[in-house]
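J.:
Residue numbers (the working numbering): 47 to 571.
Printed below as a string of structure tokens:
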């Protein structure tokens, strides 16, 4: 049986243990020669740690590990260099500067044990500085410094002013030796989720080359659609047998669930590697990327920026806004891109504008799952277990009346949500709150929905796209369902969708603020 490296991030273990390996070593070889100081951001669980481990094995000259891989034909010298591979993911969540300094010193102990230490190296930066110099002097070779999850210590405190400055100061001092010891360094690679200029390393390391958006390295992390077809066809077949369907049907489901990432203006379709391999290993297509939930720092920032969660498709952004440092953000867009909740879907070369959208079904459902408790007070698993199957089947049968009755019954049975009045009061309008509620529920079921859709005479409250039907909703809390339906006709909200060749259904809905459920509705073709 094939072994899948789910959760295994060490290159030597993947190769030595006979695990599946999608050969990226040609790109690793090019990356190692592209620039001396390199930075790259990618979302979590996208193979950054395996990439750093592969770089470590390469610079250690471990030729035997690359036998039969693309690297073997490219590299001729296989020189051995001292390598400092530093993983900062294990020291995140520190509560004060002293605790962080202590953990950094402990992290560097493995290298101090190997190359020695001086008594006056009291700080992490001083210790790192000494280790680099001693490694060079003892081996006569320049040092490869590889830092994984470089931003981990700061992400959880990025908007906590009481901690941020002290933590930032410690990390800034830690990274300063990288520039000061340039002549002793062969290669320096930093990777993480975000671009944090507040660390000051992007000004201190003024020759740091950001390759995050370069087409050359777009596929260095993740699994491309071509790699899936050419190297994992048997895996698709085995999964199809488990689902008792054709290979093509399973491939289509995998594409909808895990594909859709693009990390440059010219990029192949890229699948989330963690989720795709987990599906093969478990013989089950599921939402693996969100097993640990939506990161808490994202939730905090959504509240901080009052981000409109319904506007996640078709966002336009410039190169600078995608790469904008986290602490310099004025919107959530840069962080949502950097963390993988948005990806590049199109690029206008003339205007130099990217179009960003949610990558795939897994992200849409997981994103909404993390937001339901915040905006509606419901847990995602409660929505799915409560009425999802009935609601989905009603929509597929084009029975919107039955679907709305299922929603009415379900919401009526939900206990009074804590903070509901506050949530309702904070919404721009009462209808706006219910737009959010319906948007989140539709999205949780992977039904494509948009709110406040512009048209010639105004904004449609909500439009929902099904494979063969478009539903146009107008919601009222102060007014009747019939008035809502009449507004759709008077302002021509449904007109733009007749040209799509799908059935267009208009739905006027009256929500009751007291009971918090759809009270009645009127439907018309």
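Idealized CB from N, CA, C, for every residue including glycine.
The model shown is predicted, which means the values in this text are computed figures rather than measured ones.
1. Just curious, the beta strand (DSSP E) that residue 508 is in, first and last residue?
2. Applying the criterion that 16 or more other CB atoms from any shown protein chain within 10 Å of the CB defines a buried residue, is residue 312 buried or exposed?
3. Use the C-beta contact count for residue 197: other C-beta atoms within 10 angstroms, 16 or more gives buried, fewer gives exposed.
4. State the Cα-Cα distance for the pair residue 315 and residue 267, rounded to the nearest angstrom.
5. Determine the extent of the beta strand (DSSP E) in which residue 398 is found, giving its start and end residues.
6. Between the C-alpha atoms of residue 291 and residue 553, what's the straight-line distance to the nearest angstrom?
7. Could you round the C-beta distance between residue 98 and residue 235 to whole angstroms and report it? I think they count as a contact, below 8 Å.
8. Is the beta carbon of residue 300 sitting closer than 7 Å to the one on residue 52?
9. In three-state DSSP terms, what is residue 495?
10. How big is the Cα-Cα spacing for residue 458 and residue 260?
11. In angstroms with no decimal places, state the Cα-to-Cα distance between residue 65 and residue 154.
12. Where does residue 256 fall in DSSP's three states?
13. Name the DSSP bridge partner or partners of residue 238?
14. Looking at the structure shown, is residue 56 part of a helix, part of a strand, or coil, going by DSSP?
15. With DSSP as the reference, label residue 168 as helix, strand or coil.
16. Measuring straight from C-alpha to C-alpha, what distance separates residue 130 and residue 144?
17. In three-state DSSP terms, what is residue 368?
18. If we ignore side chains and look at the alpha-carbon of each, how far apart do residue 509 and residue 206 end up?
19. Give me the Cα-Cα distance between residue 451 and residue 398, rounded to the nearest whole angstrom.
20. Do the region 207-224 and the region 158-168 make contact, defined as three or more Cβ pairs closer than 8 Å?
21. By the 10 Å Cβ neighbour count, where 16 or more other Cβ atoms means buried, how is residue 142 classified, buried or exposed?
22. For the candidate residues 257, 239, 177, 256, whose alpha-carbon lies nearest to that of residue 224?
23. Can residue 517 and residue 327 be called in contact, C-beta distance under 7 Å?
24. Can you tell me which of the three DSSP states residue 62 falls into?
25. What are the boundary residues of the beta strand (DSSP E) that residue 549 is part of?
26. I need the straight-line Cα distance from residue 344 to residue 566, nearest angstrom please.
27. Within 10 angstroms of its Cβ, does residue 471 collect 16 or more other Cβ (buried), or is it exposed?
28. On the DSSP bridge list, what partners appear for residue 566?
29. Grab me the residues of residue 255's own chain with a C-beta within less than 6 Å of its C-beta, minus the 5 sequence neighbours each way, in chain order.
T.: Taking the definition as stated:
1. On the chain shown, position 462 is the one that residue 508 refers to. Boundaries of the beta strand (DSSP E) harbouring residue 508: 504-511, taken from the DSSP string.
2. In the chain shown, counting from the first residue as 1, residue 312 sits at position 266. Under a 10 Å Cβ-count criterion, residue 312 is classified as exposed, with fewer than 16 other Cβ atoms of the shown protein chains found around its own Cβ.
3. If you number the chain shown from 1, residue 197 lands on position 151. It is buried - the Cβ of residue 197 has at least 16 other Cβ atoms within 10 Å.
4. Here the question's residue 315 lines up with position 269 in the chain shown. Here the question's residue 267 lines up with position 221 in the chain shown. A straight-line Cα-Cα distance of about 12 Å links residue 315 and residue 267.
5. Locating residue 398 in the chain shown gives position 352, counting from the first residue. Taken as a continuous stretch (DSSP letters only), residue 398 belongs to no beta strand (DSSP E), as it is neither H nor E.
6. As a first step, residue 291 is located in the chain shown; it is residue number 245 there, counting from the start. As a first step, residue 553 is located in the chain shown; it is residue number 507 there, counting from the start. Approximately 36 Å between the Cα atoms of the pair.
7. Mapped onto the chain shown, residue 98 falls at position 52. Mapped onto the chain shown, residue 235 falls at position 189. Right, the Cβ-Cβ distance comes to about 7 Å (below 8 Å), so this counts as a contact.
8. Taking the chain shown and counting its residues from 1, one reaches residue 300 at position 254. Taking the chain shown and counting its residues from 1, one reaches residue 52 at position 6. Inclusion of residue 300 and residue 52 in the CB contact set at 7 Å is not warranted, their separation being larger than that value.
9. Mapped onto the chain shown, residue 495 falls at position 449. Three-state result, residue 495: strand.
10. Locating residue 458 in the chain shown gives position 412, counting from the first residue. Locating residue 260 in the chain shown gives position 214, counting from the first residue. Straight-line Cα distance between these residues: approximately 51 Å.
11. Taking the first residue of the chain shown as position 1, residue 65 is located at position 19. Taking the first residue of the chain shown as position 1, residue 154 is located at position 108. Taking the CA atoms as reference points, residue 65 sits about 30 Å from residue 154.
12. Here residue 256 corresponds to residue number 210 of the chain shown, with the count starting at 1. Annotated three-state conformation of residue 256 is strand, per DSSP.
13. Within the chain shown, the letter at position 192 stands for residue 238. In the DSSP output, where bridge partners are listed per residue, residue 238 has 87.
14. As a first step, residue 56 is located in the chain shown; it is residue number 10 there, counting from the start. In the structure shown, residue 56 sits in coil (DSSP, three-state: anything other than H, G, I, E or B).
15. The residue you call residue 168 lines up with position 122 of the chain shown. Coil.
16. Here residue 130 refers to the residue found at position 84 when the chain shown is read from its first residue. Here residue 144 refers to the residue found at position 98 when the chain shown is read from its first residue. Looking at the two C-alpha atoms, the distance is approximately 23 Å.
17. As a working mapping, residue 368 is identified with position 322 in the chain shown. Note: residue 368 maps to helix in three-state DSSP.
18. Numbered from its first residue, the chain shown carries residue 509 at position 463. Numbered from its first residue, the chain shown carries residue 206 at position 160. Rounded to whole angstroms, the separation of the alpha carbons of residue 206 and residue 509 is 38 Å.
19. The residue you call residue 451 lines up with position 405 of the chain shown. The residue you call residue 398 lines up with position 352 of the chain shown. Looking at the backbone, the Cα of residue 451 and that of residue 398 are separated by about 47 Å.
20. The region 207-224, when compared against the region 158-168, does not touch it at the 8 Å Cβ threshold.
21. Reading the chain shown from its first residue, position 96 is the one you call residue 142. In this structure residue 142 is exposed. Its beta-carbon is surrounded by fewer than 16 other beta-carbon atoms within 10 angstroms.
22. Position 178 of the chain shown holds residue 224. Here the closest residue by C-alpha is 177.
23. Locating residue 517 in the chain shown gives position 471, where the first residue counts as 1. Locating residue 327 in the chain shown gives position 281, where the first residue counts as 1. No, the pair does not count as a contact, with Cβ atoms beyond the cut-off.
24. Here residue 62 refers to the residue found at position 16 when the chain shown is read from its first residue. Residue state, collapsed to three classes: helix.
25. As a first step, residue 549 must be located in the chain shown, where it is residue number 503. Note, residue 549: beta strand (DSSP E), 549-558.
26. The sequence position of residue 344 within the chain shown is 298, counting from 1. The sequence position of residue 566 within the chain shown is 520, counting from 1. A straight line joining the alpha-carbon of residue 344 with that of residue 566 spans about 36 Å.
27. Residue 471 sits at position 425 when you count from the first residue of the chain shown. Bear in mind that a pLDDT of 49 at residue 471, under 50, signals an unreliable position, so the number given afterwards is only what the model happens to contain. Exposed.
28. One-based indexing of the chain shown puts residue 566 at position 520. 556.
29. Locating residue 255 in the chain shown gives position 209, where the first residue counts as 1. Once the five neighbours on either side are set aside, the close Cβ partners of residue 255 are 81, 84.
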